[in-house]
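The next block holds one structure in the form of structure tokens; read it before the comments.
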Amino acid sequence: MTVENGHQGAEVAARTERRWATISVIIIVVLAVLAAFAGIHQVTMPQPRVETIDPTRLHLSGEFVESNLGSVLEPTGSVTVRAIGQQYSFTPACILVPAQTPITLRATSADVVHGILVQGTNVNTMLVPGYVSEQLMRFEKPGDHLMPCQEFCSFGHEGMWGKVKVIDKEEFVAKAKSGGRLSCVGE
Amino acid sequence: MLVNRKLVLAHFWLAFAVFGLALFLGAWQMFVRSPLYTWISDPEWYYRSLTAHGTVMGYVFPTLVAMGFGYAISESALKQPLVGVRWAWAGFWLIVVGAVMAMVPVALGRASVLYTFYPPLIGSVFYYIGVVLVVVGSWIWVALMSVNLRVWRREHPGEPVPLAMFANVAGSYLWAWTAVGAALELLLQIIPVALGWRTTIDAGLARVFFSWTLHAIVYFWLMPTYIAYYTIVPRAIGGRLYSDTMGRIAFILFLVVAMPIGIHHTFADPQVGAGFKFIHSAFTALVALPTLLTVFTICASVEIAARLRGGRGPFGWIGALPWDNPIMLAVAFSFVLLGFGGAGGLINMSYQLDTTIHNTQWITGHFHLIFGGAIVIMYFAIAYDLWPHLTGRALPDLRLVRAQLWLWFVGMIVTTFPWHWVGILGMPRRMAYYDYSDPAISPQAFSVTLSVIGAFVLLISGLLFLYILATAHRQPAADAGAYRFSVPVHPVHTVPLALNSFAIWVALMIGLTVTNYAYPILTLAARSDTSVPAVYVGAQ
Numbered sequence: 044m045t046v047e048n049g050h051q052g053a054e055v056a057a058r059t060e061r062r063w064a065t066i067s068v069i070i071i072v073v074l075a076v077l078a079a080f081a082g083i084h085q086v087t088m089p090q091p092r093v094e095t096i097d098p099t100r101l102h103l104s105g106e107f108v109e110s111n112l113g114s115v116l117e118p119t120g121s122v123t124v125r126a127i128g129q130q131y132s133f134t135p136a137c138i139l140v141p142a143q144t145p146i147t148l149r150a151t152s153a154d155v156v157h158g159i160l161v162q163g164t165n166v167n168t169m170l171v172p173g174y175v176s177e178q179l180m181r182f183e184k185p186g187d188h189l190m191p192c193q194e195f196c197s198f199g200h201e202g203m204w205g206k207v208k209v210i211d212k213e214e215f216v217a218k219a220k221s222g223g224r225l226s227c228v229g230e
Numbered sequence: 002m003l004v005n006r007k008l009v010l011a012h013f014w015l016a017f018a019v020f021g022l023a024l025f026l027g028a029w030q031m032f033v034r035s036p037l038y039t040w041i042s043d044p045e046w047y048y049r050s051l052t053a054h055g056t057v058m059g060y061v062f063p064t065l066v067a068m069g070f071g072y073a074i075s076e077s078a079l080k081q082p083l084v085g086v087r088w089a090w091a092g093f094w095l096i097v098v099g100a101v102m103a104m105v106p107v108a109l110g111r112a113s114v115l116y117t118f119y120p121p122l123i124g125s126v127f128y129y130i131g132v133v134l135v136v137v138g139s140w141i142w143v144a145l146m147s148v149n150l151r152v153w154r155r156e157h158p159g160e161p162v163p164l165a166m167f168a169n170v171a172g173s174y175l176w177a178w179t180a181v182g183a184a185l186e187l188l189l190q191i192i193p194v195a196l197g198w199r200t201t202i203d204a205g206l207a208r209v210f211f212s213w214t215l216h217a218i219v220y221f222w223l224m225p226t227y228i229a230y231y232t233i234v235p236r237a238i239g240g241r242l243y244s245d246t247m248g249r250i251a252f253i254l255f256l257v258v259a260m261p262i263g264i265h266h267t268f269a270d271p272q273v274g275a276g277f278k279f280i281h282s283a284f285t286a287l288v289a290l291p292t293l294l295t296v297f298t299i300c301a302s303v304e305i306a307a308r309l310r311g312g313r314g315p316f317g318w319i320g321a322l323p324w325d326n327p328i329m330l331a332v333a334f335s336f337v338l339l340g341f342g343g344a345g346g347l348i349n350m351s352y353q354l355d356t357t358i359h360n361t362q363w364i365t366g367h368f369h370l371i372f373g374g375a376i377v378i379m380y381f382a383i384a385y386d387l388w389p390h391l392t393g394r395a396l397p398d399l400r401l402v403r404a405q406l407w408l409w410f411v412g413m414i415v416t417t418f419p420w421h422w423v424g425i426l427g428m429p430r431r432m433a434y435y436d437y438s439d440p441a442i443s444p445q446a447f448s449v450t451l452s453v454i455g456a457f458v459l460l461i462s463g464l465l466f467l468y469i470l471a472t473a474h475r476q477p478a479a480d481a482g483a484y485r486f487s488v489p490v491h492p493v494h495t496v497p498l499a500l501n502s503f504a505i506w507v508a509l510m511i512g513l514t515v516t517n518y519a520y521p522i523l524t525l526a527a528r529s530d531t532s533v534p535a536v537y538v539g540a541q
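Chains as they are written, first to last, in my numbering: chain A, 44 to 230; chain B, 2 to 541.
Dropping the structure here:
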């Protein structure tokens, strides 16, 4: 191989490399744009604000006192669910929600880090003590879902399973008429 | 020119010994929580084991491999005896002391907080101090790599730093800065509480600090593997490195963009706003770039080897590769596992897809595929490649070596593929027990059983690996010659300053970490209303 050939070979190699690098950059830009598009267009962004709360006073006053936990039908027709995670259970342990309704889940932890995962859906959020987690959700069909704690929360973690029960919208509205906070604990 | 062989062997042997122990724990964990076992009477033992498995596999094992390999690279790539051998031994013993100090409270059940710490859970202070000692020991290595490069530069002004050493030093700087996140969490937040000086802690801030370490640490684990791709594989299979320059660019990219992306671990957390989550998601996409470049360069280098051996045609050359060569086998397996693991990683990095699998067994499957699969299989290859030079004896039986690699590859796929699947079904991570009699959980029983079989295959492969290395010490003496690295197709005479030094890239690494982390950290640190009471574990 002459020196000249070697030089040409190096140029060909560099050109091929540049071509691949360009393709790689395009792949990455497309991925980032896809994520941005899905986030903005389909409103699938994480919760926008950081909200704090004192976990030692949850039971005394404010949004997460026991009488305020569970599901409530808002005047707008949407539903708000408030829940607490603590070692090693959720309150309420069974969350009752209507199908085909926009739902806002607001939850926090009373002690250590927990997580809420609703099986068969992409509802999935951490519960970090000191902060309020908010997640929007919507269930298409009635049915039961398991709701395990998905973060290690010490020795009883394996026993921390809740439930989500999705019922017909009409049935939920009828139950909500009597006021108060709904849940399916004991059903 | 490997002078300090004992030093390198000590690091490798300790690394692989603790790896073997942690492998046992891993297989036991998979078994007791599977349908093959009735029910663990005391779940606390499971979390003890899990803490030990994670701490050893995450902090001790890869750190020792990177250090031992780093010393070997420094001596053989720079062709100068290691400067600071005493310091290197001091670093080694710090890791020994740290690992023992951390593992005793874990074994006693006083620190079952998992290797991710998870405050406000607080375990024995000795666990955290032990982990800090391990990190401090590894920082000595970082300093030594920098010093040795400086000594070499003084003797060889203006010459290109050999790629292996360039990558090695990049990896060490990456680690030095990556470890700072967890160090801040331990020193400023957790240890004062573990000592009883304070009783409250900001769990959200701790998670942000930890994310700084948790993602980039994967790239620190990855560095020896990538160094092996570029500087061992082409030489071992009789080829040439396609491009030395692209190697430098890939390692620089890892150094710069591995860090400012960790908040993707907190996508589902309430203490970080949506803006920074999006920024970190986009930066996470960037980190795929050095891997895409590497895949191209290494495939091209392998193709060169095949064509030198008479391979023809667009794909026909694949058959001409030296498939009986363990390094060839290892790199092929590693690439397959990296391909699947990388595809899973692209899913994790996008917020929308991540919500389906966040904290499920999918994640466990993902990082076992990347770390246990793509990365560790190249650690095996590095050991096999270096061993004859370290022991002065040839490996006993290459058939055994090939069988070991095959078992690891198949075992890793059988373990992790069902794991991914049950993750999609919503199976949460890190539980000591699952009620498979529940109709909603019973469909997962078959997949879980499959992955237990994979775990035992991995255990057998790991033990075989240790057996091969141990018996190699008793082989007849054979001179393996000088330890060499791959030669590029087009020899490198000069390299632009930017691809031959680190100052600008380290500055960029720190700068990007500041832009991507300062605001989330400072806003949380400035708040007084986010500290919550510590929950001490194992105190009863």
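All C-beta atoms in this analysis are idealised placements derived from N, C-alpha and C, irrespective of residue type, glycine included.
Looking at the backbone, the Cα of Ile522(B) and that of Asp97(A) are separated by about 20 Å. About 29 Å separates the beta carbon of Ala204(B) from that of Gly163(A), a gap too long to meet the 8 Å contact definition. At least one C-beta of chain B is nearer than 8 Å to the C-beta of Tyr174(A). At a beta-carbon threshold of 8 Å, the residues of chain B lying near Cys192(A) are Pro429, ordered along the chain. Contact annotation: in the region 108 to 133 of chain A, residues whose CB is within less than 9 Å of a CB in chain B are Gln130. Close partners of Ser67(A) in chain B (Cβ separation under 7 Å): Leu290, Leu293, Leu294. Classified as exposed, Met2(B) has fewer than 16 neighbouring CB atoms from the shown chains inside 10 Å of its CB. In the DSSP assignment, Ala126(A) falls within the unbroken beta strand (DSSP E) covering 122 to 129. Rounded to whole angstroms, Ser438(B) and Ile425(B) show a C-alpha spacing of 19 Å. Buried is the label assigned to Pro121(B), since at least 16 other Cβ atoms lie within 10 Å of its Cβ. Only Leu347, Met350, Ser351, Tyr352, Gln353, Leu354, Asp355, Thr356, Thr357, Ile358, His359, Asn360 from the region 346 to 360 of chain B bring a Cβ to less than 9 Å from some Cβ of chain A. In the three-state scheme derived from DSSP, where H, G and I count as helix and E and B as strand, Cys137(A) is classed as strand. With its beta carbon at least 8 Å from every one in chain A, Ser335(B) lies outside the interface. In this structure, DSSP gives Trp324(B) a state outside helix and strand, which the three-state scheme calls coil. Scanning chain B for C-beta atoms nearer than 7 Å to the C-beta of Gly229(A) yields nothing, as the closest lies near 19 Å away.
Here Ile233(B) has Asp386 as same chain residues with Cβ atoms under 6 Å from its own Cβ, once five neighbours each way along the sequence are excluded.
For Pro89(A), the nearest beta carbon of chain B is closer than 8 Å to its own beta carbon. Against chain A, the beta carbon of Tyr434(B) has neighbours under 9 Å at Glu201, Gly202, listed in chain order.
Against chain A, a Cβ distance below 7 Å from Met247(B) picks out Glu60. Arg249(B) places its beta carbon 8 Å or farther from that of Ser487(B). With 16 or more other CB atoms across the displayed protein chains lying within 10 angstroms of its CB, Thr295(B) is buried. In the three-state DSSP reduction, Tyr537(B) falls in the strand class (E or B).
DSSP places Ala286(B) in no beta strand (DSSP E) but in the uninterrupted alpha helix (DSSP H) bounded by 275 to 287. Under the criterion of beta carbons closer than 8 Å, Pro397(B) and Ile469(B) qualify as touching, at roughly 7 Å. Interface annotation for the region 468 to 493 of chain B against chain A: Val490, His491, criterion Cβ-Cβ distance under 9 Å. In this structure, Tyr230(B) lies away from Ile191(B), with their beta-carbon atoms at least 8 Å apart. Assigned with DSSP and collapsed to three states, Glu109(A) falls in helix. If one requires a minimum length of 4 residues, the alpha helix (DSSP H) runs lying completely within the region 183 to 242 of chain B are 192 to 195, 204 to 232, 234 to 237, in chain order.
Rounded to whole angstroms, the gap between the alpha carbons of Asp480(B) and Ile74(B) is 19 Å.
The Cβ of Thr168(A) sits closer than 8 Å to at least one Cβ of chain B. For the set Trp14(B), Leu391(B), Ile511(B), the Cα lying nearest the Cα of Ala478(B) is the one of Leu391(B).
The C-beta distance from Ser212(B) to Ile141(B) rounds to 26 Å, too long to fall under 8 Å, and the pair is not in contact.
Counting C-beta pairs closer than 8 Å gives three or more between the region 27 to 37 of chain B and the region 452 to 464 of chain B, which meets the contact rule. Not one beta carbon of chain B lies nearer than 8 Å to the beta carbon of Arg149(A).
Among the residues facing chain A, Ala108(B) is not included, as its CB has no counterpart in that chain under 8 Å away.
By the rule that beta-carbons nearer than 8 Å mark a contact, Phe279(B) touches chain A.
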